[in-house]
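Let me begin by presenting the structure, written as structure tokens, before commenting on it.
Residue numbers (our numbering): 2 to 142.
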């Protein structure tokens with residue numbers, strides 16, 4: 002049996018794998034944002050802009066399972082922060098530099114949340130694996 006687009010039907014393990022991959026993308030984006038939180042640039046255009054992953058739902062009509070896919074990772078539209086720092090070698094003629102405007106606390110929360118979601122999916126997958134093994138044992142008994 003195949004799904005309506007010709008691909009094999011999605012399994013619980015496929016859905017879990019996609020969910021885990023999505024959480025890794027989310028953690029990587031937040032980690033990159035955190036790593037660049039203190040960076041400055043000589044212009045607003047050159048300032049680091051936070052990365053934001055965008056996800057979409059994937060529904061398998063054959064099995065009724067829904068999962069997630071990464072639609073893309075985009076730069077935030079947040080305005081860089083202007084800071085007066087005339088001693089900075091990147092300062093412009095006015096003595097200003099442009100910071101990333103990344104909220105370190107929000108990024109730490111994002112990393113923590115993504116990590117917890119990843120762990121939840123791992124636990125769900127372990128439960129599904131155990132149930133599958135138990136079912137196979139029952140059928141062979």
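All C-beta atoms, glycine included, are put in the ideal place defined by N, C-alpha and C.
What residue from the options has the CA that sits closest to residue i's CA?
| i | options | result |
| --- | --- | --- |
| residue 109 | 14, 16, 27 and 18 | 27 |
| residue 124 | 11, 36 and 20 | 20 |
| residue 80 | 67, 51 and 92 | 51 |
| residue 8 | 43, 30 and 61 | 61 |
| residue 85 | 121, 95, 49 and 14 | 95 |
| residue 74 | 87, 54, 82 and 105 | 54 |
Can you tell me whether residue i is helix, strand or coil according to DSSP?
| i | result |
| --- | --- |
| residue 75 | strand |
| residue 116 | helix |
| residue 83 | strand |
Among residues of its own chain, excluding the 5 on either side of residue i, which ones have a beta-carbon nearer than 8 Å to its beta-carbon?
| i | result |
| --- | --- |
| residue 69 | 19, 20, 23, 56, 57, 58 and 59 |
| residue 122 | 17, 20, 21 and 24 |
| residue 92 | 43, 86 and 98 |
Can you grab the Cα-Cα spacing for the pair residue i / residue j, in whole Å?
| i | j | result |
| --- | --- | --- |
| residue 130 | residue 12 | 12 Å |
| residue 102 | residue 29 | 18 Å |
| residue 49 | residue 15 | 35 Å |
Quick one: residues in its chain with C-beta nearer than 7 Å to the C-beta of residue i, no 5 flanking neighbours on either side, listed in chain order?
| i | result |
| --- | --- |
| residue 2 | At residue 2 the pLDDT is 42, less than 50, meaning the model places this residue with poor confidence; the figure from the coordinates comes in the next sentence. Here the set comprises 10 and 63. |
| residue 137 | none |
| residue 72 | 55, 56 and 57 |
| residue 34 | 51, 52, 103 and 108 |
Leaving out five residues on either side along the sequence, give the residues of the same chain with a beta carbon under 6 Å from the beta carbon of residue i.
| i | result |
| --- | --- |
| residue 45 | 81 and 99 |
| residue 31 | 108, 111 and 112 |
| residue 40 | 49 and 101 |
So is residue i buried or exposed if we call it buried at 16+ other beta carbons inside 10 Å?
| i | result |
| --- | --- |
| residue 115 | buried |
| residue 106 | exposed |
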